[in-house]
Each structure stands twice: as C-alpha cells, then as structure tokens.
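Engineer: The structure that follows is given in the form of structure tokens.
2 protein chains.
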Amino acid sequence: MDTVSRIESALADSVLLAEAAGAPPRLAAAMRHAVFPRGARVRPRLVLAVAGACGDDRPALAAAAAAAVELLHCASLVHDDMPCFDDADTRRGKPSVHRAFGAPLALLAGDALIVLAFQALARAAATAPERLAAVMTVIGDGVGVPFGIVAGQAWECEPRADLSEYQRQKTGALFAAATMAGAAAAGLEPEPWRLLGERLGEAYQVADDLRDAVGDAAELGKPVGRDAALGRPNAALACGVEGALARLRGLADAAIAAIPPGPGAPGLGALIQAEMHRLLPAKLTQKAA
Amino acid sequence: MDTVSRIESALADSVLLAEAAGAPPRLAAAMRHAVFPRGARVRPRLVLAVAGACGDDRPALAAAAAAAVELLHCASLVHDDMPCFDDADTRRGKPSVHRAFGAPLALLAGDALIVLAFQALARAAATAPERLAAVMTVIGDGVGVPFGIVAGQAWECEPRADLSEYQRQKTGALFAAATMAGAAAAGLEPEPWRLLGERLGEAYQVADDLRDAVGDAAELGKPVGRDAALGRPNAALACGVEGALARLRGLADAAIAAIPPGPGAPGLGALIQAEMHRLLPAKLTQKAA
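Heads up: the protein sequence lines correspond to chains A and B, in order.
When the letters of the first sequence are read in order and numbered with our numbering, they come out as residues 26 to 314.
When the letters of the second sequence are read in order and numbered with our numbering, they come out as residues 26 to 314.
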C-alpha cells in the first residue's frame, strides 16, 4: 500500500469508531468533517517516511502513529479555529467545524479527536506492545505540556511570550513528535530524530508564511494575507519573499544534515527535498527549484 | 502510602510536568487550578480499590491509571463549565477555570489535561509495558467515542437523545473505565469489571441528583438546585427523596453483586458500601444508614 493509502486507511478506521450505532451522530459527523477530505497530511507522511528509513518492521504501529499525529493536528485546528481564538470561518476550503456544527460540538469533536489518537495507538499496539510507551510518550509530549502544540497555543494567552519558543512549541513540537514517533514505531531510540523534526517544523513555518503572504486562497483552501491583517509575525513580511525562500532552502539543508546516519538516510533526504518543494505556493515553485 | 496520598502524589507529579521552565505559566496555573485542591476523587479511589482487590502487583501503573482517570474527569469539568455548555461560575468552591483564566485558557487547559492523562500512563508503563495497551484502551474508550464521556456530553447537541444512553455515557462510562483500568493495571482481564463500574456510575448519578436536590452549596462547593432551575432530569425530583434513596440502595447492592469473585471481593464490597454512604449530603446520612 502506498503512503497516502496507508494514512487515509488508518484515519478512516479511526473515524469509523465514532460512527458506531448508539453514538451521537452529529459528533461523529463533526469529527469526520475535521479529518476528511484530506489536507496535505504533512506530519503523518513524515512519520511514515522516518519509519521507512528505520526499517518499518511494525507497519501497523507506524500507520497508527501516523494517524495519531494527524488526528491530534486536526484536533488542534478545530480548537484554534474556534471563536475564542482565530474565529476562522473556513478550513481546507470548507466551513470550519464550529461554523458547520456550532461551538459546543467543535469543542467536543476536538476533545474526541485527541482521545481517538490514543485509542488508535492502543489498538495498534498488539503487534509490538513493548514499543507502545515510547511512541505514546513522544506523541503526548509533542501535543501537551510542557512544550507541545497546546503549550505553544497557550503563549497567545500570556502577557509576555518569546516568539521563537512560541513557534517552536506551536509548530515544531508536532514535527519533532512525527519524526520521533516514526523511529520509535520502528523500534529505534527516538531522541536522535528530534532535531530533524524541529528543523522541518521551522521550515514548514517559513513555507506557511510564504503561502500566507503570496499564496492563493483557492489553492490553499483558507484565507491568505491573515498575518498582515492581524499583525502576526511572518518571515515573508519580515525578510521579503526572496529572503524567506533563502531561509527555507537553508532550513531544508539543515534538516537533511540532521538525519541520523543509516541505510535509509539518502532516500529520506531526497523525500524531504521533494516535500519542501511541494509546500510552496505554485507561483513560487519555479523560483525555489 | 494510603490511597489518598497515592492519588494526590501521582496527580502532583503529573501537574508538575506543566510547570517546567520554558512552559507557559498561565496554562500551568489553569491546569493546577482544575486539579487542586482535591474534589472527592471518587473515580481514582475506585481504580485503586479495584486494583487492590486484584492484587495490585504493579502499584505505579495503578496509581498512574488512577491519576489518568482523574485528570480526564477534571478536563471534562473544565470544558463542561465553559460558556458554550453550562457557563458555570464556580466549581469545588472556587471560580471555574474559564472564570479565573478566561475561555481560551480553559479550552487549552482541558486539552492539556486530556493529553497529560496519557503522558502519565506512558511514563508509568516502564514497570509493566505489556499491560499498557489494555489500561490505555479502557481509559480511552471511557472518555472518547463511541460511548465515553465526551460522547455523553455530545448528546446535549443532538436533536433527539435517549436519556439513559446519555447518562450511561456521560457518567457511567468513566466509572466503568475506572474499574476496568484498576483490573487491567493489576494484570487481569478488564471486561468482567465493566458491570460493577456501570452500576456504580448509575448510583453516583442518583447520589448527585440527591445532593443537587437537598444538598448544601457550601458543603458541595457548587450551586445546588440547578437541575430544577434548568429543567434537567433528576431522580430526587422524579421519585422524591425517599424514592431516590431506595433506588440508591438498590444500585449499591446490585454493584456489589457485580464484583467478580475472588479473594479481594468481600473487602471491595465493604469499601463500596462505605463510599456510597459518603456520597450522600450530610443531612441524609442518618436516613441512608
């Protein structure tokens, strides 16, 4: 099965759990709305890419880890879009969950997706029970306290915030969880894979800034120009498009240099180069090539 | 260490994780506010009571399971109290989290507490890695979809809801998770412990209805008479105080009859009797004795 199919199939299996007879149907519909149709699936593809580079000898656990990371990412989007944060009307080209289902169900769908990530992991652990704690720890730490994406989001509620800490937690933490979970699912020590994830997270942030600054709303499925409108920090606004592109290239190179040595390293490096290219808005891909 | 100390110490260790240097301090404060000072800790005491009746040969895992169940319960209170649901001003005798810290931090503190439950479990699994998946599955299923407490809460957003299904999911599911997690942490098959938890959950619901109907706000640390004011179903309003007390006694007996046989069964039965007594408002304990 190819990477996309493995991810979509693991996510579909998870969301099906919400649709059992006797479960509240609108909650299940809100969860499905949050997870499908797919976005770029950047993080779960990273889980599987690293698992593949590490031998991927427990593919069911790797697929569940990939699904868990994506479910947690979807949960964070649902909650971040809510009126008390971004109050976003659209996401992935359609109404945000709270616009489609109301704030109460958006709150609960996010909660249920967080729990579902761990339910999916636990169910997949039968094939490799001794690896579950490591996979669960790196994924939990990438989302929760002290330095996961929920902590990152919480910096928006602090009187004083360190911008680089904010971005590292809000975006980088789940990328680091993705690389480490891929390694842990394949039975390797996860820590050496952290730096790769952190650098990719930073690169992704710059790519996201570029898309917000010069991208096309129809292509992205969400409004553009939000950072300028809301006065949020944005690398493309701060250093110009050329400066941000140069920074992105530098971060991609640094990420590839951070891949722990092994037989899978060259293939993973090539995959990451291709991925970085894919993340750019169409009108910039010629320049970045 | 006695039961209360084991629970408080496991919870304190978990919440400390949020207070690491470099983490957002107001998020950590909101989480601490949600977990301390302690409420009745009914569910984690049930985890440890069942673990004890099953031999409790992995006490660190049992304590982490107890803490996880309580963290998830606290998370659900934080989110249920928010303006889009109950809009409650007070909880456990002090301001609710959203009143003290605002809705954005209440949303994030609830999210972080959900994740923290699984982080705590993963960290405790070193002593019994082969038991982690079972403990995690029963706890995850008690909270998430299709029939956990988040699903229970979601029935408030459905056009048509089955009241008994709503109550079983909203309250009973986490009680069943507590009894099953206690058994799983002690290495036993969890399923035979489900019925005990479900019956205790139902008994707890009746006791809660009694406290809302005839309790004292200062004793409970939350407003009373809310069910009558909001037109919510309440056993004491439906069957009178005597009727509700009789129902509570019947459910307690049925719960005790559901304890799977074993050397720990008589002790657990006595503990449950004492617990049921404790749950009643002070002015009713003479009648219930």
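Just so it is clear, CB atoms sit at the ideal spot from N, CA and C, and this is done for glycine as well.
Quick one: what does DSSP say Lys-195/B is sitting in, helix, strand or coil?
Structural biologist: Note: Lys-195/B maps to helix in three-state DSSP.
Engineer: Using the C-alpha atoms, what's the distance from Val-239/A back to Ser-39/B?
Structural biologist: 43 Å
Engineer: Just to make sure I have the definition right: I need the residues of chain B whose C-beta is within less than 8 Å of the C-beta of Ala-88/A. Which are they?
Structural biologist: Under the 8 Å cutoff, chain B gives no residues; its nearest Cβ is about 16 Å from Ala-88/A.
Engineer: Might you give, ordered along the chain, the residues of its own chain that have their beta carbon closer than 8 Å to the beta carbon of Phe-172/A, omitting 5 neighbours on each side?
Structural biologist: Asp-166, Arg-193, Gln-194 and Ala-198
Engineer: For my contact list, Phe-110/A and Pro-49/B are in at a C-beta cut-off of 8 Å; report their separation, rounded to the angstrom.
Structural biologist: 14 Å between Cβ atoms; not a contact.
Engineer: What are the residues of the segment 39-56 of chain B that lie near chain A, defined by any Cβ-Cβ distance shorter than 8 Å?
Structural biologist: Leu-42, Ala-43, Glu-44, Ala-45, Gly-47, Ala-48, Pro-49, Pro-50, Arg-51, Leu-52, Ala-53 and Met-56
Engineer: So the alpha helix (DSSP H) Val-67/B belongs to, where does it begin and stop?
Structural biologist: 67-78
Engineer: Can you check which of these residues, Val-160/A, Pro-108/A and Ala-59/A, is closest to Ala-206/A by C-alpha distance?
Structural biologist: Selected option, being the one with the closest Cα: Val-160/A.
Engineer: Kindly say whether Trp-180/A, judged by its beta-carbon, lies nearer than 7 Å to any beta-carbon of chain B.
Structural biologist: yes
Engineer: Please state the DSSP three-state secondary structure of Ala-314/A.
Structural biologist: Its pLDDT being 44, under 50, Ala-314/A is placed unreliably by the model, and nothing is read from it.
Engineer: Listed in chain order, which residues of the segment 124-144 of chain A have Cβ atoms closer than 9 Å to some Cβ of chain B?
Structural biologist: Cβ contacts with chain B: Phe-126, Gly-127, Ala-128, Pro-129, Leu-130, Ala-131, Leu-132, Leu-133, Ala-134, Gly-135, Asp-136, Ala-137, Leu-138, Ile-139, Val-140, Leu-141, Ala-142, Phe-143 and Gln-144.
Engineer: Expressed to the nearest angstrom, what Euclidean distance is found between the alpha-carbon atoms of Pro-286/A and Gly-127/A?
Structural biologist: Rounded to whole angstroms, Pro-286/A to Gly-127/A spans 48 Å at the Cα level.
Engineer: Quick test of your reading: Ala-269/B and Ala-260/B, contact by CB under 8 Å. State the CB separation rounded to the nearest angstrom.
Structural biologist: With a Cβ gap of about 5 Å, Ala-269/B and Ala-260/B count as contacting.
Engineer: Let's test the definition: count the other Cβ atoms within 10 Å of the Cβ of Thr-152/A and tell me whether it reaches 16, buried, or not, exposed.
Structural biologist: By the 10 Å Cβ count, Thr-152/A comes out exposed.
Engineer: If you reduce the DSSP assignment to three classes, tell me which class Pro-120/B lands in.
Structural biologist: Pro-120/B: strand per DSSP, three-state reduction.
Engineer: Could you tell me which whole alpha helix (DSSP H) segments of length 4 or greater appear in the segment 162-228 of chain A?
Structural biologist: 174-179, 188-192 and 198-210
Engineer: Express the C-alpha separation of Ala-186/A and Ala-242/B in angstroms, rounding to a whole number.
Structural biologist: 39 Å
Engineer: Which residues does DSSP pair with Thr-115/A in a beta bridge?
Structural biologist: Residue pairing by DSSP places Thr-115/A opposite Pro-120/A in a beta bridge.
Engineer: Can you tell me where the alpha helix (DSSP H) with Glu-267/A in it begins and where it stops?
Structural biologist: 260-282
Engineer: Answer with buried or exposed for Val-29/A, where buried requires no fewer than 16 other C-beta atoms within 10 angstroms of its C-beta.
Structural biologist: Flag for Val-29/A reads exposed.
Engineer: By a C-beta neighbour count over all protein chains shown, 10 Å radius and 16 as the cutoff for buried, is Pro-248/B buried or exposed?
Structural biologist: Flag for Pro-248/B reads exposed.
Engineer: Looking at the C-beta of Arg-157/B, does it have a partner C-beta in chain A at a distance below 7 Å?
Structural biologist: The amino acid at residue 157/B is misidentified as Arg; the sequence shows Leu. At least one chain A Cβ lies under 7 Å of Leu-157/B.
Engineer: Which stretch, first to last residue, makes up the alpha helix (DSSP H) that contains Glu-44/A?
Structural biologist: Taken as a continuous stretch (DSSP letters only), Glu-44/A belongs to no alpha helix (DSSP H), as it is neither H nor E.
Engineer: Does the Cβ-Cβ distance between Val-122/A and Ala-131/A come in under 7 Å?
Structural biologist: Cβ distance < 7 Å, so Val-122/A and Ala-131/A count as in contact.
Engineer: I want to verify the contact list: residues of chain A whose CB lies under 7 Å from the CB of Cys-109/B, in sequence order.
Structural biologist: Ala-128, Pro-129 and Leu-132
Engineer: Tell me which residues share the same chain as Ala-46/B and place their Cβ nearer than 6 Å to its Cβ, disregarding the 5 neighbours each side in the sequence.
Structural biologist: Contacts found: none.
Engineer: Within 7 Å (strictly less), CB to CB, does Ala-201/A reach chain B?
Structural biologist: At least 7 Å separates the CB of Ala-201/A from every CB of chain B.
Engineer: Starting from Glu-155/A and walking both ways along the alpha helix (DSSP H), at which residues does that stretch end?
Structural biologist: Per DSSP, Glu-155/A belongs to no alpha helix (DSSP H) and is neither H nor E.
Engineer: To the nearest angstrom, report how far apart Ala-203/A and Pro-288/A are at their CA atoms.
Structural biologist: 20 Å
Engineer: If you draw a straight line from the alpha carbon of Ala-314/B to that of Gly-294/B, how long is it in whole angstroms?
Structural biologist: A caution first: Ala-314/B carries a pLDDT of 44, below 50, which makes its placement in the model unreliable, though a value can still be read off. Spanning the two alpha carbons is a distance of roughly 16 Å.
Engineer: Cα separation between Ala-74/B and Pro-62/A?
Structural biologist: Looking at the backbone, the Cα of Ala-74/B and that of Pro-62/A are separated by about 45 Å.
Engineer: Using the rule of at least 16 other Cβ atoms within 10 Å of the residue's Cβ for burial, across every protein chain shown, is Ser-101/A buried or exposed?
Structural biologist: Flag for Ser-101/A reads buried.
Engineer: What does the Cβ neighbour count give for Leu-309/A, buried or exposed, with the cut at 16 atoms within 10 Å?
Structural biologist: buried
Engineer: Helix or strand or just coil, what does DSSP make of Leu-304/A?
Structural biologist: coil
Engineer: Does DSSP put Asp-252/B in a helix, in a strand, or in coil?
Structural biologist: helix
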